[in-house]
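Taking it in order: structure first as structure tokens, then the write-up.
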Amino acid sequence: MNSKREDGIEAMNWSEISVHTTQEAIEAVSNILQEAGASGVVIEDSEVLRRDWQDQFGEIYELSANDYPSEGVIVKAYLLAGGHLERTVEEIKQAVHSLSSYGIEAGPGTVTLAEVQEEEWANAWKKYYKPVEVSERITITPTWENYTPKKENELIIELDPGMAFGTGTHPTTVMCIRALDDSIEGGERVIDVGCGTGVLSIAAAKLGAAAVHALDLDEVAVRSAQTNVELNGAIDRVTVAQNDLLKGIKGPFDIVVANILAEVIIRFVDDAAKVLKPGGLFITSGIITRKEEEVKRAMEQAGFRIKDSYYMHDMYEKEDGSRYTDTDTVAPPSIRERSQIESGWVCIVAERKSE
Numbered sequence: 151m152n153s154k155r156e157d158g159i160e161a162m163n164w165s166e167i168s169v170h171t172t173q174e175a176i177e178a179v180s181n182i183l184q185e186a187g188a189s190g191v192v193i194e195d196s197e198v199l200r201r202d203w204q205d206q207f208g209e210i211y212e213l214s215a216n217d218y219p220s221e222g223v224i225v226k227a228y229l230l231a232g233g234h235l236e237r238t239v240e241e242i243k244q245a246v247h248s249l250s251s252y253g254i255e256a257g258p259g260t261v262t263l264a265e266v267q268e269e270e271w272a273n274a275w276k277k278y279y280k281p282v283e284v285s286e287r288i289t290i291t292p293t294w295e296n297y298t299p300k301k302e303n304e305l306i307i308e309l310d311p312g313m314a315f316g317t318g319t320h321p322t323t324v325m326c327i328r329a330l331d332d333s334i335e336g337g338e339r340v341i342d343v344g345c346g347t348g349v350l351s352i353a354a355a356k357l358g359a360a361a362v363h364a365l366d367l368d369e370v371a372v373r374s375a376q377t378n379v380e381l382n383g384a385i386d387r388v389t390v391a392q393n394d395l396l397k398g399i400k401g402p403f404d405i406v407v408a409n410i411l412a413e414v415i416i417r418f419v420d421d422a423a424k425v426l427k428p429g430g431l432f433i434t435s436g437i438i439t440r441k442e443e444e445v446k447r448a449m450e451q452a453g454f455r456i457k458d459s460y461y462m463h464d465m466y467e468k469e470d471g472s473r474y475t476d477t478d479t480v481a482p483p484s485i486r487e488r489s490q491i492e493s494g495w496v497c498i499v500a501e502r503k504s505e
């Protein structure tokens, strides 16, 4: 039975049909589902976990193996619930099992069914996004949560992850915010390169920076950052602009912060040194640990001294693969000793040497 959405429109019930098959059979299974009435399919293939992603704007990708089958491929489609769905599912099963007669290996070929209500489909993800304390003073909360600060000096950043670019609680973002929290004393001029949602710029402003310049090449990110800056009442201290890294930017700045890929950081490390004051800080993450030494070498060659490093695992896991227990409300602690982590993410804090 259908129900009413908040806007008064009747919400529809959908059935999610999943077929566990092989890469070889993806096209054939997709065709079977489309002939059954699906307008499109979703493919969950663990191969993407091993793929080298090409990025346009220095994006950081983090995919969880828990979202993909350990073997084979899951092809999903959505059909309206009710009617002759049972017969349709039976026909899908028969069609999948008959693929072998056409020389197509369908693997397990199992077909499963789950019901999804439209309202739940659109909003169920929100229950997993709660206020998270990411540093000593900063807590990130979704706009729809009525959050009450728990500490006297707590600073709140509101984000709507529906706009783009995630929730602000990725390990690399958390470590950059912690580095800013440890470094900003008040009155600094900060530049955020590849700002995304603008969360690092907003954090810098709330921590006491006098002026923050948020830059991103992606016009969607620029709009998202501008919206979040306004939402957090930081428009008097944060300016957002479209720009290619630090091209055409002149200093001096006290802090440059960048949460983008290692390869991109290396490309503009010399420019970062040029816009920073002597003694100024270059705070950067988005760096996987196997790229750490390469980035540090580039920094040192550009005239930086490595001052500090923060480390964190993918998906907030510990070194032994177990999970931290309170990550729903508090981001895991940073690892400060390199010997205590084998692989994960690193945030590097480098100081520009005096000339």
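The sequence shown begins at 151 in the numbering used here and counts up by one. C-beta: ideal position from N, C-alpha, C; glycine also.
Quiz item: Shortest alpha-carbon distance to serine 489 belongs to which of Pro483, Thr347, Val499, Tyr461?
Solution: Here residue 489 refers to the residue found at position 339 when the sequence shown is read from its first residue. Cα-wise, what sits closest to serine 489 is Tyr461.
Self-check item: Best match in Met325, Glu295, Ile307 for proximity to alanine 384 [C-alpha to C-alpha]
Solution: Sequence index remark: in the sequence shown, residue 384 carries index 234 (1-based). The shortest Cα separation from alanine 384 among Met325, Glu295, Ile307 belongs to Ile307.
Quiz item: Which residue comes first and which comes last in the alpha helix (DSSP H) that contains glutamate 380?
Solution: Within the sequence shown, residue 380 is the residue found at index 230, counting from 1. Residues 369 to 381.
Self-check item: Selection from Val419, Val496, Glu286, Gly401 that minimises the alpha carbon distance to glutamate 487
Solution: Residue mapping note: residue 487 aligns to position 337 of the sequence shown, counting from 1. Of Val419, Val496, Glu286, Gly401, the residue nearest in Cα terms is Val496.
Exercise. Mind checking which residues open and close the alpha helix (DSSP H) that includes lysine 243?
Key: Against the sequence shown, residue 243 aligns to sequence position 93. Segment 235 to 247, the alpha helix (DSSP H) holding lysine 243.
Quiz item: According to DSSP, is arginine 287 helix, strand or coil?
Solution: If you number the sequence shown from 1, residue 287 lands on position 137. Correct three-state label for arginine 287: coil.
Quiz item: Counting along the chain, where does the alpha helix (DSSP H) carrying cysteine 326 start and finish?
Solution: As a working mapping, residue 326 is identified with position 176 in the sequence shown. Segment 321 to 333, the alpha helix (DSSP H) holding cysteine 326.
Quiz item: CA-CA distance, arginine 122 and glycine 346?
Solution: Any property of residue 122 remains undetermined from this structure, which presents the chain solely from 151 to 505.
Quiz item: Taking lysine 301 as the reference, which of Val372, Glu283, Ala175 has the closest Cα?
Solution: Here the question's residue 301 lines up with position 151 in the sequence shown. Of the candidates Val372, Glu283, Ala175, the one whose C-alpha sits nearest the C-alpha of lysine 301 is Glu283.
Quiz item: How is the beta strand (DSSP E) around isoleucine 438 delimited, first residue to last?
Solution: Position 288 of the sequence shown, counted from the first residue, corresponds to residue 438. DSSP places isoleucine 438 inside the beta strand (DSSP E), whose first and last residues are 426 to 438.
Quiz item: With distances taken from CA atoms, which of Ile254, Gly337, Tyr466, Ser351 is nearest isoleucine 176?
Solution: One-based indexing of the sequence shown puts residue 176 at position 26. Of the listed residues, the one whose Cα sits closest to isoleucine 176 is Ile254.
Quiz item: Can we say the stretch 380 to 394 touches the stretch 328 to 339, given the rule of at least three CB pairs closer than 8 Å?
Solution: Touching, no.
Quiz item: So, using beta-carbon positions, are isoleucine 242 and histidine 170 closer together than 9 Å?
Solution: If you number the sequence shown from 1, residue 242 lands on position 92. If you number the sequence shown from 1, residue 170 lands on position 20. Not a contact, by the Cβ cut-off of 9 Å.
Quiz item: Nearest CA to the CA of glycine 401: which residue from Glu442, Val349, Val261, Gly430?
Solution: Position 251 of the sequence shown holds residue 401. Restricting attention to Glu442, Val349, Val261, Gly430, the CA atom closest to the CA of glycine 401 is found in Gly430.
Exercise. With a threshold of 16 other CB atoms inside 10 Å of the CB of proline 321, please say whether the residue is buried or exposed.
Key: Residue mapping note: residue 321 aligns to position 171 of the sequence shown, counting from 1. So proline 321 ends up on the buried side.
Exercise. Identify the continuous beta strand (DSSP E) that holds isoleucine 341 and give its terminal residues.
Key: The residue labelled residue 341 in the question sits at position 191 within the sequence shown. First-last of the beta strand (DSSP E) with isoleucine 341: 339 to 343.
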